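In the working numbering, the protein residues as written are 3 to 498.
Note that the Cβ used here is the ideal one computed from N, Cα and C, for glycine as well.
Note that the structure is a prediction, hence the values are computed from the model and not measured.
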């Protein structure tokens, strides 16, 4: 099938959805089995694992028996072939000259009965040697060698050794000892199982329209005392499934449960106002996310982090939640640096592995993060774009805006041969940069800043105090990206 065509994309999407089902069903089944075993008394565990160990042992013995029978059949075939060869060559062969007692050589017209010229005999001999001596190395005193590393015994002895060597495999106590005993570990397994059930309920309903399967997964989940974040969205999904399946009583009961016990939730609002366009409502995740992203673009990172954390708690279990996680990780990265960003992306990849955001996070960890991790500054002669940076305390917002206005006026007045632009960039919680972009060398950047600070004269020749007197530093664009990413301004300034 041709890639990048609609049928290919549809098939690829179905395959990915099926992969998700296989993954989560596997997690659910394995964790269910572990939790069932943990819940049993020691006697019950011992009975189950004893039976399992006996079955393993029986299978192993059957396999060894099969191998022995196969070996006997092979030896029998070789013996038949050897006897046939002996019968055929029972008469003494004559040499080409016909003298009695002279055996024909390999190249003669008649087949030779000389041992090493008969492939069947040689094969049989090799087999017998291996049975008696094992796989010995070619060395002096090979018969006296007791180096176990060079011996690969065959036959029944090996069978017994291999079975006894795996004694732990047939000991039920081995399996009992591997069961988790600490409550934190057991809770973690249960939470992982519950999340798998939730994801299966969503996938079966939304990706495959398998309402009955989706219904059973959500119902099983609610029977397992799940975390609070999964209860309400599971109940709402069940309400919709009951409605679509025509299970009116169950749907009404679930609706009443949600409206009564979660009156302030957005699910209750949807149920009470089914005709409202909640996607456009100011309380909808979509609306909040859109506004929050605009704040992110405006570099309001502290506000974005605070609101994202609030929405993450409010939307626990909602499909939209990972988008807020991505936005939060990005804002923390812009404010606190690379390590915080990496930590956030790693959390998303581990927590939401089969969502679009989780897969994107995994790709970032594999491809982008190793590149972004580099924080060695490049040499100025390796760069082509340079900046002049003025540093401000964040709480002096009015001074910053006034400075930018004056800076732009001075650039327009004094600089005619460069296409320069300015920006206001947040560096961290306490620092803001005003940056001049568009310079082509480190010397040119420094010269530009010095020009702005040089004295002027009025029409009468009297000196005029320069309007731009603030300290600055010049930096290449690649190095500026590094100090923003890793928050290592002090390390850069020490190099100047």
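For residue i: DSSP bridge partner residues
i: residue 542; result: Since the first and last residues shown for the chain are 3 and 498, residue 542 lies out of range.
i: residue 458; result: 466
i: residue 322; result: Its beta-bridge partners do not exist; DSSP assigns none.
i: residue 476; result: 390
i: residue 2; result: Nothing about residue 2 can be reported from this structure: the residues present for the chain run from 3 to 498 only.
Selected residue, minimal CA-CA separation from residue i, among the options
i: residue 380; options: 38, 497 and 472; result: 497
i: residue 354; options: 65, 320, 20 and 181; result: 320
i: residue 466; options: 473, 458 and 324; result: 458
i: residue 303; options: 194, 337, 272 and 478; result: 337
i: residue 350; options: 340, 326 and 373; result: 326
i: residue 232; options: 80, 315, 330 and 82; result: 315
i: residue 196; options: 422, 26 and 245; result: 26
i: residue 443; options: 389, 468 and 398; result: 389
i: residue 332; options: 308, 226 and 175; result: 308
i: residue 28; options: 237, 324 and 191; result: 191
i: residue 477; options: 35, 317, 21 and 441; result: 441
i: residue 20; options: 64, 264 and 202; result: 202
i: residue 382; options: 295, 416, 204 and 445; result: 445
i: residue 236; options: 247, 468 and 269; result: 269
i: residue 426; options: 83, 301, 363 and 290; result: 301
i: residue 387; options: 448, 266, 375 and 295; result: 448
i: residue 53; options: 18, 175 and 264; result: 175
i: residue 229; options: 194, 262 and 251; result: 194
i: residue 479; options: 385, 488, 393 and 352; result: 385
i: residue 267; options: 251, 241 and 286; result: 286
i: residue 290; options: 260, 322 and 262; result: 322
i: residue 377; options: 487, 252 and 185; result: 487
Residues near residue i in its chain [Cβ-Cβ closer than 7 Å; skip 5 each side]
i: residue 16; result: none
i: residue 40; result: 181, 182 and 188
i: residue 207; result: 213, 216, 239 and 243
i: residue 173; result: 55
i: residue 481; result: 379, 380 and 494
i: residue 475; result: 391, 495 and 498
i: residue 246; result: 213
i: residue 324; result: 350, 354, 357, 359 and 360
i: residue 219; result: 199, 202, 203 and 206
i: residue 311; result: 330
i: residue 393; result: 433 and 435
i: residue 348; result: 367
Residues of its chain near residue i, where Cβ-Cβ distance is below 8 Å and the 5 sequence neighbours each way are ignored
i: residue 178; result: 44, 47, 48 and 51
i: residue 424; result: 406, 409, 410, 413, 436, 437, 438 and 439
i: residue 305; result: 297
i: residue 396; result: 428, 431, 432, 433 and 434
i: residue 36; result: 181, 182 and 191
i: residue 222; result: 199
i: residue 159; result: Note on residue 159: pLDDT 42, under 50, position unreliable in the model; no value is reported.
i: residue 514; result: Residue 514 is absent from the model: the chain starts at 3 and stops at 498.
Own chain partners of residue i with C-beta closer than 6 Å, once the 5 adjacent residues on each side are dropped
i: residue 485; result: 491 and 494
i: residue 318; result: 231
i: residue 198; result: 26, 29 and 30
i: residue 328; result: 359
i: residue 226; result: 196
i: residue 22; result: 205 and 356
i: residue 167; result: In this predicted model, residue 167 has a pLDDT of only 46, less than 50, meaning its place in the structure is not dependable enough to derive any value.
Cβ-heavy atom distance, residue i to the ligand COA, below 7 Å
i: residue 338; result: Although the ligand COA was asked about, the structure shown includes no ligands whatsoever.
I want to know whether the stretch 401-409 touches the stretch 435-446 - three or more CB-CB distances under 8 Å. yes
Is there contact here, the stretch 441-454 with the stretch 367-381, by at least three beta-carbon pairs under 8 Å? no
Starting from the N-terminal side, write out each stretch of the alpha helix (DSSP H) that is 4 residues or longer and does not extend beyond the stretch 181-266. 185-208, 213-225, 230-247 and 250-263
How about the stretch 253-265 and the stretch 330-348: do they share at least three Cβ pairs that are nearer than 8 Å? With the cut-off at 8 Å, the stretch 253-265 and the stretch 330-348 do not touch.
Length at least 3, wholly inside the stretch 339-404: the beta strand (DSSP E) runs in chain order: Whole beta strand (DSSP E) segments, 3+ residues: 388-395.
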